[in-house]
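Peer 1: Before I ask anything, here is the structure I am working with.
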Amino acid sequence: MRIGFGFDSHEFKPGIPLKIGGVKLQAEPGLCGHSDGDVLLHAITDALLGAVAAGDIGAFFPPSDPKWKGANSVVFIEEAMRHIEQAGYRVGNVDCTLVLAAPKIGPHAKAIQERVAKLLKVETSAVGIKAKTPEGLNLDNTAVAHVVALLEKA
Ligand code: MG
Numbered sequence: 029m030r031i032g033f034g035f036d037s038h039e040f041k042p043g044i045p046l047k048i049g050g051v052k053l054q055a056e057p058g059l060c061g062h063s064d065g066d067v068l069l070h071a072i073t074d075a076l077l078g079a080v081a082a083g084d085i086g087a088f089f090p091p092s093d094p095k096w097k098g099a100n101s102v103v104f105i106e107e108a109m110r111h112i113e114q115a116g117y118r119v120g121n122v123d124c125t126l127v128l129a130a131p132k133i134g135p136h137a138k139a140i141q142e143r144v145a146k147l148l149k150v151e152t153s154a155v156g157i158k159a160k161t162p163e164g165l166n167l168d169n170t171a172v173a174h175v176v177a178l179l180e181k182a
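Using this note's numbering, you'd call the opening residue of the sequence shown number 29 and step up by one each time.
Okay, structure coming up:
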């Protein structure tokens with residue numbers, strides 16, 4: 029077994045769609061970034077890569093490379109999955125904590141869980157989606173994601 033941890037943060041910006049966990053939420057503002065700003069998929073990608081000591085998302089998909097401008101972050105997950113599979117592992121489970129002031133994640137949690145489970149090739153029961161508001165952190169304009177991933181030998 030291997031364990032990996034991923035963290036990411038992105039800033040909210042008006043006028044762009046909000047994507048979390050590969051799901052486009054009917055909410056404004058969205059998260060800005062070089063790619064589509066999907067804070068959760070980025071943290072999951074880092075957790076997967078970290079679990080096999082493969083480096084980080086920035087090494088695989090450098091923000092300096094125009095190729096990744098506006099990229100769908102699903103591509104990052106798919107590449108990380110290829111990497112762990114080549115290393116002889118599959119995902120056991122992941123647990124995710126989002127920290128953001130708005131929107132409330134509760135109503136979207138199931139859709140995010142199902143999307144992430146599909147991307148990671150696991151049952152929905154192997155994907156924990158939790159969310160908190162950034163009380164006392166002064167981070168109301170930022171979305172943060174923390175993810176731990178457990179990998180099993182394939
Ligand atoms: Mg990111």
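Here a beta-carbon is modelled for each residue, glycine too, at the ideal position from N, C-alpha and C.
If the criterion is Cβ atoms closer than 8 angstroms, does the pair F40 and N169 meet it?
Peer 2: In the sequence shown, counting from the first residue as 1, residue 40 sits at position 12. In the sequence shown, counting from the first residue as 1, residue 169 sits at position 141. Against a cut-off of 8 angstroms, the Cβ pair of N169 and F40 comes out as a contact.
Peer 1: Could you check how far apart the C-beta atoms of I31 and L128 are, in whole angstroms? I think they sit under 8 angstroms.
Peer 2: On the sequence shown, position 3 is the one that residue 31 refers to. On the sequence shown, position 100 is the one that residue 128 refers to. Contact flag wrong, Cβ pair sits at about 25 angstroms.
Peer 1: Report yes if the C-beta distance between F104 and T125 is below 8 angstroms; otherwise report no.
Peer 2: Taking the sequence shown and counting its residues from 1, one reaches residue 104 at position 76. Taking the sequence shown and counting its residues from 1, one reaches residue 125 at position 97. No, they are not a contact pair.
Peer 1: Return yes when the Cβ of P42 is within less than 8 angstroms of the Cβ of H62, no when it is not.
Peer 2: Reading the sequence shown from its first residue, position 34 is the one you call residue 62. Reading the sequence shown from its first residue, position 14 is the one you call residue 42. No, they are not a contact pair.
Peer 1: What's the gap between the Cα of K184 and the Cα of A82?
Peer 2: The displayed coordinates of the chain run from 29 to 182. Any statement about residue 184 would go beyond what the structure contains.
Peer 1: Are the CB atoms of D84 and L77 within a distance shorter than 8 angstroms?
Peer 2: Locating residue 77 in the sequence shown gives position 49, where the first residue counts as 1. Locating residue 84 in the sequence shown gives position 56, where the first residue counts as 1. Result yes, Cβ atoms of L77 and D84 sit closer than 8 angstroms.
Peer 1: What do you get for F33, buried or exposed, if any count of 16 or more other CB atoms within 10 angstroms of its CB means buried?
Peer 2: Your numbering for residue 33 matches position 5 in the sequence shown. Residue burial annotation: F33 is exposed, with fewer than 16 other C-beta atoms found within 10 angstroms of its C-beta.
Peer 1: With 16 other CB atoms within 10 Å as the buried threshold, where does D64 fall?
Peer 2: Walking along the sequence shown from the start, residue 64 turns up at place 36. When all chains shown are included, D64 counts as buried.
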